[in-house]
């Protein structure tokens with residue numbers, strides 16, 4: 002991994018307690034080999050480490066050892082108890098679509114996370130369809146989960162984004178690049194099993210292109226595609242995660258080019274049209290004009306004839322320039338305004354469900370401030386839901402920052418704070 006892909010720890014003087022000894026987190030990350038005996042002692046005698054992001058409320062950390070190397074992970078289902086600046090902070094389940102799934106769909110233990118995906122990653126071996134044929138003429142269960150006992154593709158993408166802390170923004174963070182996204186997502190995939198397969202073996206997160214690493218990344222991609230060949234009576238399908246750079250028509254469908262990836266992916270016209278219908282905002286010209294990014298998670302198979310990767314299903318997520326997910330061009334403008342104002346905030350993610358969440362949550366106020374972007378005016382059912390949400394927030398004691406999009410964007414600067422200085426490139 003390139004040094005340019007490492008995101009500096011903006012938790013400042015974060016500290017960890019191992020077997021009664023307090024160690025700076027920066028030292029553990031920079032020189033893990035120096036603390037092997039201390040890791041081993043803490044694991045054997047205490048069973049866990051402690052994060053001191055809040056000295057008055059130490060939080061347990063899992064100590065994992067793989068191939069003789071120790072590292073720390075957040076305690077299952079307790080990430081929201083950490084300080085919001087802590088590397089182990091995770092979204093409160095009350096603000097996440099993950100809470101709507103039973104334990105059998107997302108099982109978190111001290112050894113990692115097991116996910117049940119609605120789409121099979123192994124299929125009976127058979128000739129793959131030509132690129133012109135579409136398996137997406139009707140909505141797929143992989144895209145929008147029909148059973149809460151398994152995650153659809155969108156839910157898996159949201160889970161990865163949430164666990165990699167990419168739905169969270171902090172003003173002290175450096176400029177977020179795709180290299181940082183790749184590093185975080187790859188680490189998260191290494192801690193997860195999907196349909197009893199290591200996620201890292203079936204998911205290819207497109208790495209940032211650099212001349213120095215181009216040959217190695219090309220070899221990794223060839224190895225990934227080779228794993229999609231038939232295995233006896235079965236074929237293995239894979240997942241590709243990247244950012245759409247271009248979509249071009251072909252005689253048989255469309256060719257989709259991803260940023261940093263030389264090899265194109267191919268999709269049928271039927272699939273492409275369904276994606277445009279299902280993710281209208283992500284494909285809208287005005288969203289791209291405002292700096293929106295199109296992040297895509299593709300279910301792919303390898304064509305037995307020409308070896309091309311054929312997309313069988315996919316989901317597209319609109320993101321801001323800093324890769325914060327958004328659901329409309331108006332949310333995109335609000336996200337960029339909050340980022341420019343130096344606010345710490347998160348974007349609640351719905352997964353496959355239709356849970357009621359605020360559009361954003363400001364983490365730099367006590368209590369946290371909810372942000373709502375009201376995009377429709379004059380429709381009674383929408384106005385009724387709006388009144389219900391406003392009443393709920395008042396009853397729960399959450400301050401509310403509102404923007405009716407036909408009005409000017411409200412002042413989002415914190416009270417008494419001047420506009421922040423521009424952060425240097427990261």
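Numbering (the working numbering), first residue to last: 2 to 427. We put the CB at the ideal spot given by N, CA and C, even for glycine.
Where do the ends of the alpha helix (DSSP H) carrying residue 1 lie? Past the edges of the chain, shown from 2 to 427, lies residue 1, and the structure says nothing about it.
Based on the DSSP secondary-structure assignment, which residues constitute the bridge partners of residue 315? Working through the chain shown from its first residue, we reach residue 315 at position 314. 299.
Hey, quick one: how far does the alpha helix (DSSP H) through residue 215 stretch, first residue to last? Counting from 1 along the chain shown, the entry for residue 215 is found at position 214. Note, residue 215: alpha helix (DSSP H), 215-227.
If I'm right that residue 324 touches residue 294 with Cβ under 8 Å, what's the distance once you round it to whole angstroms? If you number the chain shown from 1, residue 324 lands on position 323. If you number the chain shown from 1, residue 294 lands on position 293. Sure, about 7 Å apart at Cβ, within 8 Å.
Counting Cβ pairs closer than 8 Å, one from the stretch 161-169 and one from the stretch 91-100, do we hit at least three? yes
Own chain residues within Cβ distance below 6 Å of residue 297, not counting five before or after: On the chain shown, position 296 is the one that residue 297 refers to. Excluding positions up to five away in sequence, the list reads 245, 315 and 317.
Close-in-space but distant-in-sequence residues of the same chain around residue 410 (CB under 7 Å, 5 per side omitted): Here residue 410 refers to the residue found at position 409 when the chain shown is read from its first residue. 334, 338 and 404, listed in sequence order.
Relative to the alpha-carbon of residue 306, which residue among 230, 189, 380 and 373 has its alpha-carbon at the smallest distance? Residue mapping note: residue 306 aligns to position 305 of the chain shown, counting from 1. The shortest C-alpha separation from residue 306 is found at 230.
Using three-state DSSP, classify residue 323 as helix, strand or coil. In the chain shown, counting from the first residue as 1, residue 323 sits at position 322. Residue state, collapsed to three classes: coil.
Mind checking which residues open and close the alpha helix (DSSP H) that includes residue 389? As a working mapping, residue 389 is identified with position 388 in the chain shown. 381-397 is the span of the alpha helix (DSSP H), which, as asked, contains residue 389.
Sequence ranges, alpha helix (DSSP H) only - wholly within the stretch 254-294, length at least 4: 270-279, 281-284 and 286-290
If I measure Cβ to Cβ from residue 419 and keep anything under 8 Å in the same chain, skipping five residues before and after, which residues do I get? Numbered from its first residue, the chain shown carries residue 419 at position 418. Any reading at residue 419 is ruled out, since the residue's pLDDT is 47, under 50, leaving its predicted position unreliable.
DSSP beta-bridge partners of residue 193: In the chain shown, counting from the first residue as 1, residue 193 sits at position 192. Looking at the DSSP assignment, residue 193 forms a beta bridge with 114.
How long is the line joining the alpha carbons of residue 121 and residue 197, rounded to whole angstroms? Along the chain shown, one-based indexing puts residue 121 at 120. Along the chain shown, one-based indexing puts residue 197 at 196. Approximately 11 Å, taken between the alpha carbons.
Residue from 344, 207, 112 and 98 whose Cα sits closest to the Cα of residue 261: Locating residue 261 in the chain shown gives position 260, counting from the first residue. Comparing Cα positions, the closest option is 207.
Can you tell me whether DSSP reads residue 107 as helix, strand or coil? Stepping through the chain shown from its first residue, residue 107 is reached at position 106. Correct three-state label for residue 107: strand.
What does the Cβ neighbour count give for residue 46, buried or exposed, with the cut at 16 atoms within 10 Å? Position 45 of the chain shown, counted from the first residue, corresponds to residue 46. Exposed: under 16 other Cβ atoms inside 10 Å.
Let me confirm a value: residue 340 is counted as buried when at least 16 other C-beta atoms fall within 10 Å, else exposed. Which label applies? Here residue 340 is taken as the residue at index 339 of the chain shown, counted from 1. So residue 340 ends up on the buried side.
DSSP three-state call for residue 240: helix, strand or coil? Locating residue 240 in the chain shown gives position 239, counting from the first residue. Three-state DSSP puts residue 240 in a strand.
Tell me the rounded alpha-carbon separation between residue 203 and residue 216. Counting from 1 along the chain shown, the entry for residue 203 is found at position 202. Counting from 1 along the chain shown, the entry for residue 216 is found at position 215. If you take the alpha carbons of residue 203 and residue 216, they lie about 21 Å apart.
Would you kindly check if the distance between the Cβ of residue 374 and the Cβ of residue 365 is under 8 Å? Here the question's residue 365 lines up with position 364 in the chain shown. Here the question's residue 374 lines up with position 373 in the chain shown. No, Cβ-Cβ distance for residue 365 and residue 374 is not below 8 Å.
What residues in its chain sit with their C-beta under 6 Å from that of residue 225, if we drop five residues either side in the sequence? Position 224 of the chain shown, counted from the start, is the residue given in the question as residue 225. So the qualifying residues of the chain are 205.
My guess is that residue 383 and residue 377 are in contact by the Cβ rule of under 8 Å, so how many angstroms apart are they, rounded? Locating residue 383 in the chain shown gives position 382, counting from the first residue. Locating residue 377 in the chain shown gives position 376, counting from the first residue. That pair is a contact at about 5 Å.
Strand pairing of residue 120, partner residues [DSSP]: Walking along the chain shown from the start, residue 120 turns up at place 119. Bridge partners of residue 120: none, in fact.
Sequence-distant residues of the same chain with beta carbon closer than 7 Å to residue 100, five excluded per side: Taking the chain shown and counting its residues from 1, one reaches residue 100 at position 99. 94, listed in sequence order.
CA-CA distance, residue 362 and residue 326? Walking along the chain shown from the start, residue 362 turns up at place 361. Walking along the chain shown from the start, residue 326 turns up at place 325. Each residue's Cα considered, the two are about 13 Å apart.
C-alpha distance - residue 117 paired with residue 81, whole-angstrom precision: One-based indexing of the chain shown puts residue 117 at position 116. One-based indexing of the chain shown puts residue 81 at position 80. Distance between the alpha carbons of residue 117 and residue 81 is about 23 Å.
With 16 other CB atoms within 10 Å as the buried threshold, where does residue 66 fall? For the purposes of this step, residue 66 is taken as residue 65 along the chain shown, with counting starting at 1. Under this definition residue 66 is an exposed residue.
Reference residue 275; option with closest CA among 301, 313 and 239: In the chain shown, the residue the question calls residue 275 occupies position 274. Among 301, 313 and 239, the Cα nearest to that of residue 275 is on 313.
Reference residue 235; option with closest CA among 125, 85 and 21: Here residue 235 is taken as the residue at index 234 of the chain shown, counted from 1. It is 125 whose Cα lies nearest to the Cα of residue 235.
Label residue 412 either buried or exposed according to how many other C-beta atoms from any shown protein chain fall within 10 Å of its C-beta, with 16 as the threshold for buried. What you label residue 412 is simply residue 411 of the chain shown in a count that begins at 1. It is exposed - the Cβ of residue 412 has fewer than 16 other Cβ atoms within 10 Å.
Whose CA, out of 115, 159, 283 and 103, lies closest to the CA of residue 347? Position 346 of the chain shown, counted from the first residue, corresponds to residue 347. Residue 347 has its Cα closest to that of 159, out of 115, 159, 283 and 103.
Can you tell me whether residue 164 is helix, strand or coil according to DSSP? By one-based count along the chain shown, residue 164 stands at place 163. Three-state result, residue 164: helix.
Residues that DSSP places opposite residue 331 in a beta bridge: Counting from 1 along the chain shown, the entry for residue 331 is found at position 330. In DSSP, residue 331 forms no bridge with anything.
For residue 433, report the span of its alpha helix (DSSP H) as first-last. Only positions 2 to 427 of the chain appear in the structure, and residue 433 is not among them; the question remains open.
Local Cβ density within 10 Å of residue 64, reported as buried at 16 or more and exposed below that: Stepping through the chain shown from its first residue, residue 64 is reached at position 63. Its Cβ being crowded by 16 or more others within 10 Å, residue 64 is buried.
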